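With this note's numbering applied, the sequence shown has no gaps in its numbers, which climb one by one up to 335 at the end.
Built from N, CA and C at the ideal position, the CB exists for glycine as well.
It should be emphasised that the depicted structure is a prediction, and the values quoted were computed from it without experimental measurement.
Working notes for the structure below.
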Amino acid sequence: MSANREIHLASRPQGWPTAENFRLVTTEVPTPGPGQIVVRNQFMSVDPYMRGRMNDVKSYVPPFQLDAPLDGGAIGEVVASEAEGIKPGDTVLHGLGWREYALLDEKAARKVDPSLAPVSAYLGVLGMTGLTAYAGLLDVAAMKPGETVFVSGAAGAVGSMVGQIAKLRGASRVIGSAGSAAKVERLRALGFDAAFDYHDGPVRDSLKAAAPDGIDVYFDNVGSEHLEAAIGALNLHGRVAICGMIAQYNSSEPPAAPRNLALVIGKRLTLRGFLVSDHGHLRDQFVQEMSGWLRDGRISYDETIVDGIENAPDAFLGVLRGENLGKMLVRV
4 MSANREIHLA SRPQGWPTAE NFRLVTTEVP TPGPGQIVVR NQFMSVDPYM
54 RGRMNDVKSY VPPFQLDAPL DGGAIGEVVA SEAEGIKPGD TVLHGLGWRE
104 YALLDEKAAR KVDPSLAPVS AYLGVLGMTG LTAYAGLLDV AAMKPGETVF
154 VSGAAGAVGS MVGQIAKLRG ASRVIGSAGS AAKVERLRAL GFDAAFDYHD
204 GPVRDSLKAA APDGIDVYFD NVGSEHLEAA IGALNLHGRV AICGMIAQYN
254 SSEPPAAPRN LALVIGKRLT LRGFLVSDHG HLRDQFVQEM SGWLRDGRIS
304 YDETIVDGIE NAPDAFLGVL RGENLGKMLV RV
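Shown next, in the form of structure tokens:
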């Protein structure tokens, strides 16, 4: 084992984060105690929700601490173990990314089979990303066959899964918004019935053209103008699964609420926020169904991979700027 490199939070961002908010720190590789393991991380995830954790405010998850390593989903190989259930050479999924070597209690790691899929897939299509899409669409929004579904941030890791799952589960029409012409083309290749670049004009107009008969389900990754447009387009008893609001994560001013929020009453709409951690009961069902789709070639996934722990901050900033296609990962 060599020295261990970690990314620490050097300062709290004001508005958009910058490279100066992060610091690369070299430490010693940890030694496991009783019931612990040391993992050499292979891949780590960078996700939009991490922006909120950089603020020192109360939320559903504790904020990152200054002058300490950040954390997040990671997968790697066990290189040392003092735990009975995990041995060196095992591949484990865990929550201590943003570092090359992670010291974990055995119960904080989950063994996975690297022969079933590339290990990076356990951070994306077979992991939290895929389960978020699956649970949000089918449980939170309760999509039914024959319905029309609209997904914002549709070329991202979660959104691209939502659209494909909707089609596989019988949606009559699936529409996605994305941030470039290339991403729009990718959505069409993934089976979306319609897709548009939200830079090309008001989202309201683009959505109306793509769904002249309205929508029944909206999977929200963006908030802001997209949420307002979706409320206007939703049919009676429409449902919204609110997964994220990346459009306002870096805003230093309070966002304006959707100006048409009163439509929620007359249309009898349901707007429901959710966290994937509340849907662990669906994990086995999800893995079984998703692995079958993957095996049969019925679902595709994209990864944008950045090499080197030292480049993790740039990868994270890239996610916030929409530079990723599918899941953004750092190969540690």
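Identity of the residues DSSP links to residue i by a beta bridge
i: Val177; result: Val152
i: Tyr104; result: Arg43
i: Glu256; result: Answer is none; Glu256 lacks a bridge partner.
i: Asp200; result: Ala181
i: Glu109; result: DSSP output for Glu109 lists no bridge partner at all.
i: Ala244; result: Phe222, Arg275
i: Arg8; result: Thr29
i: Val115; result: Thr94
i: Leu99; result: Gly75
Span of the beta strand (DSSP E), counted from its first residue to its last, around residue i
i: Gln45; result: 39 to 48
i: Tyr221; result: 218 to 223
Residue range of the alpha helix (DSSP H) that includes residue i
i: Leu171; result: 160 to 171
i: Gly235; result: 227 to 236
i: Asp208; result: 206 to 213
i: Leu320; result: 315 to 323
Simplified DSSP assignment, three categories, for residue i
i: Lys330; result: strand
i: Arg189; result: helix
i: Leu140; result: helix
i: Asp3; result: Look at the range of the chain in this structure, 4 to 335, and you will see that residue 3 is not part of it.
i: Leu129; result: coil
Buried/exposed call for residue i, threshold 16 Cβ in 10 Å
i: Ser255; result: exposed
i: Gly159; result: buried
i: Arg56; result: buried
i: Asp196; result: buried
i: Glu306; result: buried
i: Ala232; result: buried
i: Leu73; result: buried
i: Asp223; result: buried
i: Ile268; result: exposed
i: Thr135; result: buried
Interface flag, residue i vs chain B, CB-CB below 9 Å
i: Ile178; result: As a matter of chain content, chain B is missing from the structure shown, which is built from one protein chain.
Continuous beta strand (DSSP E) assignments of at least 3 residues falling wholly in the segment 264 to 294: 273 to 276
Uninterrupted beta strand (DSSP E) stretches inside the segment 18 to 92 (no shorter than 3 residues): 25 to 30, 39 to 48, 77 to 84
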